[in-house]
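K.L.:
Residue numbers (the numbering used here): 701 to 818.
1. Just to confirm the assignment, what range does the beta strand (DSSP E) spanning residue 649 have?
2. Alpha carbon to alpha carbon, how far is residue 734 from residue 728?
3. Determine whether the beta carbon atoms of residue 717 and residue 791 lie at a separation below 9 angstroms.
4. Are the CB atoms of residue 788 and residue 725 nearer to each other than 9 angstroms?
5. Taking 6 angstroms as the limit between beta carbons, can you name the residues of its chain near residue 746, skipping five residues before and five after?
6. Please tell me whether residue 708 and residue 770 are closer than 9 angstroms, where the distance is taken between their beta carbons.
7. For my contact list, residue 737 and residue 783 are in at a C-beta cut-off of 8 angstroms; report their separation, rounded to the angstrom.
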């Protein structure tokens, strides 16, 4: 499993919406959880800056200054806490669904695609 190169990315859920649209993680105002919205090239709130923090973890902005373990797997990218016990996912692949951070289920809704934008 490899980690992505530092850069600016869109983070797209592996599951398409019921409208067959790609859903990107979208940052909201500080203190509000991220959600997924239809992928849009003009939506800068869907751009995430990923940078190396140490050999194992990376920082993501905007995400409150936390560090994450981001790895490519056979089924897509996983985003986990530094201890690899909690995964980013969505409960429902639908517009405005909140991004969840919880126990790994192995479900494709906890898998992501990174699209480099800069």
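Every residue gets a Cβ at the ideal spot worked out from N, C-alpha and C, and that includes glycine.
P.N.:
From the atom records:
1. Residue 649 lies beyond the residue range present for the chain, which begins at 701 and ends at 818; the question has no answer from this structure.
2. Within the model, the alpha-carbon separation for residue 734 versus residue 728 is close to 6 angstroms.
3. It is not a contact, given that the beta carbons lie outside the stated cut-off.
4. Yes, Cβ-Cβ distance for residue 788 and residue 725 is below 9 angstroms.
5. Excluding five sequence positions before and after residue 746, the CB atoms of its chain that fall closer than 6 angstroms to its own CB belong to 710, 724 and 726, given in chain order.
6. Going by C-beta atoms, residue 708 is not nearer than 9 angstroms to residue 770.
7. Approximately 29 angstroms separates the beta-carbon atoms of residue 737 and residue 783; this is outside 8 angstroms, ruling out the contact.
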